[in-house]
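Visitor:
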Amino acid sequence: MSLCCCLLKNFMYFIAFAFVVTLLPGVPPETTFPFSKITTAPHAELQGVLELNGYLNGAERLFENRLYGPENPLAIGDSIYVGTHLGEVVRVNGEHITHVAKFGQPCEGPHEESKCGRPLGMAQDIHKDHIIVADAYYGIWQVNVVNGKKKLLVSMNQEVQGKTPRKPRLANSVAVHSSGDIYWTDSSSDFGLEDGVFTTLANPSGRLIHYDRKKNVSTTLIDELYFANGLVISPNEDFIVVAETVTMRVRKYHLKGEKKGTWEMFLESLPGHPDNLSPAKDGFWLPIVVPSDKENPSLMGSLPKVPLIREFLLKFLYLIETPFRLISNAFPNVYTQKIYHTIGHFESMSFLYGKRVTILKVDWSGNIVATLHATDGAVGGICHVIEVGDYYYLGSPFSKYMGRVKIPEHLKKEVPVALPQKSAPPTTTAAPPTTTAAPPTTTAAPPTTTTAPPTTTTPKTTTTTPKPTTTTTTPKPTTTTTQKPATTPPPTKAPPKPTEKPAEAAKEIPIHEDIPSDTKPPKAEKLKVIKKGGEFGEL
């Protein structure tokens, strides 16, 4: 008994000493904005429209152990495109997974995430056969899904003007305007994705950013967002909404009208922490990646109000991580790299996340009109949902599968795409080329422009390694909260589709890309034949 008391006493002394040391002036890490109290709305209660149901129960696990972290599923034609751990964008068609593009470098595994790259947000471009991809480490890219050619649009080395001019650190989600301009989120300008936990402890430094494609200029629209995440543009493009993951709310930024250039709160008190937003009929989908409610509040949602504790935890974890980072940089080895990667990564904290899976459907007035829950544990950490045919397809940053569940009859809506349920003929894949054309830069001097010639970012770890093969997935937390703001509903008329691509400025400056085309496409499947005598063979 005396030994236990002695150990407990020494532990308390250690915590007190660490608390004092970490709060001394000048102790790293430095953050963009000072620590301060962040006020949030009360936690939601799971009542009314938020009441638990089992609409997502019995979900299938597609491509289990073949897809790792299928983030942001995007349906185009008869295929679904997803970003994965190890940095690939892949095409899913029937039973086939085909490489489309990769923005990072050769790497050994997820512990070298900053080398691999991590595609997070994806959206279809106005140009035929093109998609726009946000890679957390390598910036905003345009990708031709037919031939794999890619072009760097926004480099992570470009400084973006705002309250404090600074470079982005965590490119997350994208949305494409009918003009061809791109709206994207920088979740944090203090830490990268592999230190995701640190972004929830520091004061908010996320941004909603507008990229003018003709001028090659990025402009900050909203600053100091607490982990800026998913975004979606209204049907008539008069406003855009953006999710704040840590504070469990959604903001609305006006693109047209008398309120143009201003923002207001769109939705608060969600039943957890929101992630990607995706368009739906008469509204949009809002998945809860980490659940949090009045009876079961999350740690992430409780810390914004206590800046002193956040500062202590951030500096304490950073000091623990530092020696492993220094050793990894000086003597690259898999052991310290894995420890370094684990300390600040979101997946390391997954044991703290609740198991409830929740997806909200929100109309354009900010009302939650439907809720989907999973209570059977078949899927978890859902960050994205799309409707295809009679099914919801579910993405997750953590899981090693893509989820699929049949749409309840009373919730079925018309959807323009129906993916084949049977195995499609094998698809050939083009090797990811190394071309990187740059969009033009501008010589104008608006206060919120960035003109630095971009170069690709080379993040943390440094080991050179063999190419990754396929991909897998890991679950991520979910949470939400609900509150209807008094806003005027926009019209639901869909915007006309542009028929011309945006004009380009006269002058172009090439963006240098030190990214090898390291991932080879899979070999085409051989044709099965029956030879004379009834024997099977291949051509």
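FYI, in mature numbering (1 follows the signal peptide of the UniProt record, and there is no 0) the residues of the sequence shown are -18 to -1, 1 to 521.
Where is the CB? At the ideal position from N, CA and C, for every residue including glycine.
As the structure is a computational prediction, the values presented were derived from the model and not from experiment.
1) Could you check which residue in V370, I302, F294 and Q319 has the C-alpha nearest to that of A(-3)?
2) Let's test the definition: count the other Cβ atoms within 10 Å of the Cβ of Y317 and tell me whether it reaches 16, buried, or not, exposed.
3) Distance, Cα to Cα, T462 vs L285?
4) Mind checking D257: buried by the 16 CB within 10 Å criterion, or exposed?
5) Measure how close the beta-carbons of Y208 and V224 come, nearest whole angstrom, since I'm counting them as under 8 Å.
6) Where DSSP assigns a beta bridge to V387, which residues make up the other side?
7) Could you name the residues of the same chain whose beta carbon sits closer than 6 Å to that of K238, not counting the 5 residues immediately before and after it, in chain order?
8) Output the boundary residues of the alpha helix (DSSP H) element that contains E293.
9) F221 bridges to which residues according to DSSP?
10) Among the candidates G336, N185 and F313, whose CA atom is the shortest distance from the CA of V228?
11) Taking its Cβ as the centre, do 16 or more other Cβ atoms sit within 10 Å of V31, making it buried, or is it exposed?
12) Ignore the nearest five residues each way along the sequence and tell me which others in P101's own chain have a CB closer than 6 Å to its CB.
13) For T417 and H255, I'd like the C-alpha separation in whole angstroms.
14) Quick one: grab the DSSP three-state call for P7.
15) Per DSSP, V339 is paired with what?
16) Just to confirm the assignment, what range does the beta strand (DSSP E) spanning G121 have?
17) Taking a contact to mean a Cβ-Cβ separation below 9 Å, would you say L175 touches Y119 in this structure?
18) Tell me the rounded alpha-carbon separation between I58 and Q106.
19) Three-state secondary structure (DSSP) at V344?
20) Could you tell me whether the Cβ atoms of K276 and T21 are closer together than 9 Å?
21) Which residue's Cα is closest to the Cα of T357: P10, E27 and Y37?
22) Closer than 8 Å by C-beta to K320: which residues in its own chain qualify, once you throw out the five before and the five after it? Chain order, please.
23) Just checking, does the segment 256 to 273 make contact with the segment 338 to 346 on the three C-beta pairs under 8 Å criterion?
24) Which residues does DSSP list as the beta-bridge partners of N75?
25) Under three-state DSSP, which class holds P147?
26) Give the secondary structure of G130 by DSSP, where H, G and I count as helix, E and B as strand, and everything else as coil.
27) When burial is assigned at 16 or more other CB atoms within 10 Å of the CB, is D264 buried or exposed?
28) With DSSP run on the structure shown, which of helix, strand or coil describes C(-13)?
29) Any idea what DSSP makes of P88, helix, strand or coil?
30) Classify Q140 as helix, strand or coil using the three-state DSSP reduction.
31) Give a single yes or no on whether N47 has its beta carbon closer than 8 Å to a heavy atom of the ligand FAD.
32) Report all residues from its chain with a CB closer than 8 Å to the CB of S330; omit the five preceding and five following residues, and keep chain order.
33) Work out the CA separation of P289 and S260 for me, nearest whole Å.
34) Apply the 10 Å Cβ neighbour rule to C(-15) and answer buried if 16 or more other Cβ atoms are within range, or exposed otherwise.
35) Leaving out five residues before and five after I291 in sequence, what residues of the same chain have Cβ atoms less than 7 Å from its Cβ?
36) Taking the beta strand (DSSP E) that T227 belongs to, which residues open and close that run?
Guide: By the coordinates alone:
1) Position 16 of the sequence shown, counted from the start, is the residue given in the question as residue -3. Cα-wise, what sits closest to A(-3) is F294.
2) Here residue 317 corresponds to residue number 335 of the sequence shown, with the count starting at 1. Answer is exposed; the Cβ neighbour count stays below 16.
3) Mapped onto the sequence shown, residue 462 falls at position 480. Mapped onto the sequence shown, residue 285 falls at position 303. Note that T462 scores a pLDDT of 39, beneath 50, so its modelled location is shaky; the value from the coordinates is reported in the next line. Looking at the two C-alpha atoms, the distance is approximately 16 Å.
4) Here residue 257 corresponds to residue number 275 of the sequence shown, with the count starting at 1. Buried, since its Cβ has 16 or more Cβ neighbours within 10 Å.
5) Position 226 of the sequence shown, counted from the start, is the residue given in the question as residue 208. Position 242 of the sequence shown, counted from the start, is the residue given in the question as residue 224. With a Cβ gap of about 11 Å, Y208 and V224 do not count as contacting.
6) Taking the sequence shown and counting its residues from 1, the one referred to as residue 387 is at position 405. According to DSSP, residue pairing for V387 in a beta bridge involves Y374.
7) Taking the first residue of the sequence shown as position 1, residue 238 is located at position 256. In chain order, D220 place their CB closer than 6 Å to the CB of K238, counting only its own chain and leaving out the 5 sequence neighbours on each side.
8) For the purposes of this step, residue 293 is taken as residue 311 along the sequence shown, with counting starting at 1. First-last of the alpha helix (DSSP H) with E293: P289 to A312.
9) For the purposes of this step, residue 221 is taken as residue 239 along the sequence shown, with counting starting at 1. Paired residue(s): H236.
10) By 1-based counting over the sequence shown, the position of residue 228 is 246. That would be N185, whose Cα lies nearest to the Cα of V228.
11) Within the sequence shown, numbered from 1, the residue matching residue 31 stands at position 49. With fewer than 16 other Cβ atoms within 10 Å, it is exposed.
12) By 1-based counting over the sequence shown, the position of residue 101 is 119. These residues qualify, in order along the chain: G65, V71, V115 and D117.
13) Counting from 1 along the sequence shown, the entry for residue 417 is found at position 435. Counting from 1 along the sequence shown, the entry for residue 255 is found at position 273. Low confidence applies here, because T417 scores a pLDDT of 38, under 50, leaving its location unreliable; read the following figure in that light. Approximately 38 Å between the Cα atoms of the pair.
14) By 1-based counting over the sequence shown, the position of residue 7 is 25. Coil at P7, not helix or strand.
15) In the sequence shown, counting from the first residue as 1, residue 339 sits at position 357. According to DSSP, V339 bridges with A356.
16) Counting from 1 along the sequence shown, the entry for residue 121 is found at position 139. Per DSSP, G121 belongs to the beta strand (DSSP E) from G121 to N126.
17) Translated into positions along the sequence shown, residue 175 becomes position 193. Translated into positions along the sequence shown, residue 119 becomes position 137. It is a contact, given that the beta carbons lie within the stated cut-off.
18) Along the sequence shown, one-based indexing puts residue 58 at 76. Along the sequence shown, one-based indexing puts residue 106 at 124. Between I58 and Q106, the C-alpha separation is close to 8 Å.
19) Within the sequence shown, residue 344 is the residue found at index 362, counting from 1. If DSSP states are grouped into helix, strand and coil, V344 belongs with the strands.
20) For this step, residue 276 is matched to residue 294 along the sequence shown. For this step, residue 21 is matched to residue 39 along the sequence shown. The answer is no: Cβ separation not under 9 Å.
21) As a working mapping, residue 357 is identified with position 375 in the sequence shown. Nearest option by C-alpha distance: Y37.
22) If you number the sequence shown from 1, residue 320 lands on position 338. By the criterion of a C-beta distance shorter than 8 Å, K320 is surrounded in its chain by H93, once the five residues flanking it on both sides are discounted.
23) yes
24) As a first step, residue 75 must be located in the sequence shown, where it is residue number 93. Per DSSP, H78.
25) On the sequence shown, position 165 is the one that residue 147 refers to. In the structure shown, P147 sits in coil (DSSP, three-state: anything other than H, G, I, E or B).
26) For the purposes of this step, residue 130 is taken as the residue at position 148 of the sequence shown. Three-state DSSP puts G130 in coil, outside helix and strand.
27) Here residue 264 corresponds to residue number 282 of the sequence shown, with the count starting at 1. Its Cβ having fewer than 16 others within 10 Å, D264 is exposed.
28) By one-based count along the sequence shown, residue -13 stands at place 6. If DSSP states are grouped into helix, strand and coil, C(-13) belongs with the helices.
29) As a working mapping, residue 88 is identified with position 106 in the sequence shown. Of the three classes helix, strand and coil, the one that applies to P88 here is coil, per DSSP.
30) Residue mapping note: residue 140 aligns to position 158 of the sequence shown, counting from 1. Q140: coil per DSSP, three-state reduction.
31) The ligand FAD is absent from the structure shown, which contains no ligand whatsoever.
32) Walking along the sequence shown from the start, residue 330 turns up at place 348. Excluding sequence neighbours, S330 sits near V179 and T324.
33) Looking up residue 260 in the sequence shown gives position 278. Looking up residue 289 in the sequence shown gives position 307. Taking the straight line joining both Cα atoms gives about 32 Å.
34) Mapped onto the sequence shown, residue -15 falls at position 4. Answer is exposed; the Cβ neighbour count stays below 16.
35) Counting from 1 along the sequence shown, the entry for residue 291 is found at position 309. The residues L285, in chain order, have a CB closer than 7 Å to that of I291 in the same chain once the five nearest residues on each side in sequence are set aside.
36) Within the sequence shown, residue 227 is the residue found at index 245, counting from 1. Per DSSP, T227 belongs to no beta strand (DSSP E) and is neither H nor E.
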